[in-house]
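Right, one structure below, let's go through it.
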Amino acid sequence: MAIVVNTNIQSIQVQNNLSKVTEAMNKAMERMTTGSKINSAADDAAGLIISKGIEVQTRGSQVALSNAQTGVNLLETAEGNLAIMQDNFMRIRDLTLQALNGGQTDDQLAALQEEARARLAEIDRIATGAKFNTFDLFGGETRDGADETVSLQIGTGSDGATNMLEISGVFNDAHVSTLTGAAGFTSTFSQADVGGITAMQLQLNQLDTAISEISSRRGTIGAVSNRLESITEQLNTQYENLSAAKSRITDADIATESSNYIKYQILQQASASLLTQANQQPNIALSLM
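Okay, so the sequence shown: first residue is 39 according to the working numbering, each after it adds one.
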C-alpha cells in the first residue's frame, strides 16, 4: 500500500462511515422522541401515502360516529315529545268516552271539555315549540302535510346510498289538525241531541287516528334508533381496525429504536476513535525522511 500525504483515504472512509452512523443514530433518536417511524416523506414515501389515506378514514369515522350519536339524541328528543302528545290524546279519548256516558250534567260536560281543550292546546304548543338545538322537530309554525326528511351522514364518503341515512315520517307536522286529519279539530262534549252524540263518536275516531299516527312515528323512531346503534358499533370497530393498521405503518417500536440508537452510538464512538488514528497515518511519511 502506498504511503501518501495529500490524500488520506483511510480518514475519508472513516469520515463517511462516521457520517452515516451519526445520521442513523439521529434518526433513531428522532423516532424515539416523536414516537413515529415516518417523520417526513423521505422516511417512507409509500407508507406516508397509505397512512394518510387511512387517517382520512379514521377521522371520518369519528365524525360519522358523532353524527350517529347526535341522530340518536335527535330521535330520543322527538320521541319524548311525541310520547307526551300521545298521552294527552289518550286522556282526551278517555274524557270523550266519559262524556258519551249518559247521565252527565252540563257542568260535568263543561269541565270535561275544558280539560280536553287545554290538552289540545298543549299538543299544539309542543308541535310548534319542540326543538332539538335550533331544529324544529315538527315544523314549528308550519302546518302542512308535507313529508319531512332528515338525512344523517353516517359514513365517511360522498355516496349517499351507503353513507347517508334518511329518516322520514317522524318530523312531519304534528299539530292536532294534522294528526287527527280534521281541520280545525276541537273537542265538543254535548248530549243535548243525537247530533252531539254523533259528533263525539266522530271525535273518538279522529282521536284514534291521531294516537295511531303517533304510534307509527314512534315505531319508526325505534327502528331507526336500533339501526343507529348498529351503525355506531360498526363505526367503532372500523375506527379500531383502521387505527391498528395506521399504527403498524407509522408508529415507532421504541424497543427497536432504543436498541438501534445504542448500536449506532457505539459505532459512532468507535468511528471517532478510528478517525483520530486514520488522521495520524500521514505521519509515517516523516519517519521515511
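Glycine is no exception: its CB is placed at the ideal position from the N, C-alpha and C atoms.
Keep in mind that this is a model prediction, so the values were computed, not measured.
Starting from residue i, trace the beta strand (DSSP E) both ways and give me its first and last residue.
i      : result
LEU175 : Counting along the chain, LEU175 falls outside any beta strand (DSSP E), and DSSP gives it neither H nor E.
SER254 : No beta strand (DSSP E) contains SER254, which is instead part of the alpha helix (DSSP H) from 232 to 288.
ILE191 : Note that residue 191 is Gln in the sequence shown, not Ile. Start and end: 187 to 191.
SER206 : 202 to 206
If you compare alpha carbons, which of the options is closest to residue i?
i      : options                           : result
SER250 : PHE176, MET128, PHE223 and VAL232 : MET128
ILE205 : SER268, GLY195, ARG255 and GLN244 : ARG255
MET70  : SER189, LEU240, GLN306 and ALA290 : ALA290
ASP231 : ILE300, GLY140, GLU152 and LEU242 : GLY140
GLY233 : LEU86, LEU138, LEU313 and THR115  : LEU138
GLU114 : THR236, THR218, ALA83 and LEU266  : LEU266
GLY219 : THR194, SER196, THR247 and THR166 : THR247
ASP82  : ILE47, GLU271, THR288 and ALA212  : THR288
ASN274 : VAL214, LEU103 and ALA283         : LEU103
HIS213 : ILE192, GLN95, ALA184 and ILE304  : ALA184
GLN191 : THR270, GLN136 and ASN279         : THR270
GLN107 : GLN318, LEU312, SER268 and SER296 : SER268
SER215 : THR236, SER57 and ALA159          : ALA159
GLY195 : GLN151, THR96, LEU217 and GLN136  : THR96
MET238 : ALA62, GLN318, GLY109 and ALA154  : ALA154
ALA62  : GLN142, SER78, ILE300 and ASN317  : ILE300
SER263 : ASP144, GLY109 and LEU217         : GLY109
GLY193 : ILE47, GLN272 and GLN51           : GLN272
Along the chain, where does the alpha helix (DSSP H) containing residue i start, and where does it finish?
i      : result
THR314 : 292 to 318
ASP162 : 144 to 167
PHE127 : 83 to 138
THR224 : From DSSP, THR224 is part of no alpha helix (DSSP H); its letter is neither H nor E.
SER215 : 214 to 218
Classify residue i as buried or exposed, calling it buried when 16 or more other Cβ atoms lie within 10 Å of its own Cβ.
i      : result
ALA121 : exposed
ARG163 : exposed
SER89  : buried
THR294 : exposed
PHE173 : exposed
GLY222 : exposed
LYS75  : buried
SER285 : exposed
ASN111 : exposed
GLU117 : buried
ARG157 : buried
VAL101 : exposed
VAL94  : exposed
ASN243 : exposed
SER253 : exposed
GLN73  : Going by the sequence as given, residue 73 is Gly instead of Gln. With fewer than 16 other Cβ atoms within 10 Å, it is exposed.
ASN126 : buried
ASN105 : buried
GLY198 : exposed
8 Å is my cut-off, CB to CB: does residue i come that close to chain D?
i      : result
ASN317 : Going by chain labels, chain D is absent from the structure shown, which holds only one protein chain.
DSSP beta-bridge partners for residue i?
i      : result
PHE170 : PHE173
SER74  : ASP289
So residue i and residue j are in contact, right, with Cβ under 8 Å, and what is the actual spacing, rounded?
i      : j      : result
ALA66  : ASN298 : 4 Å
THR134 : LEU245 : 7 Å
TYR302 : SER99  : With a Cβ gap of about 38 Å, TYR302 and SER99 do not count as contacting.
ILE130 : SER228 : Between SER228 and ILE130 the Cβ distance is about 15 Å, and since that is not below 8 Å, they are no contact.
VAL59  : GLN315 : That pair is no contact at about 16 Å.
ALA168 : ASN119 : 4 Å
THR166 : GLU179 : 6 Å
ILE161 : MET202 : ILE161 to MET202, Cβ: 32 Å. No contact.
ASN64  : SER309 : Not confirmed; about 14 Å, so no contact.
ILE92  : ALA261 : About 33 Å separates the two Cβ atoms, so there is no contact after all.
LEU313 : SER49  : 6 Å
GLY207 : THR258 : 5 Å
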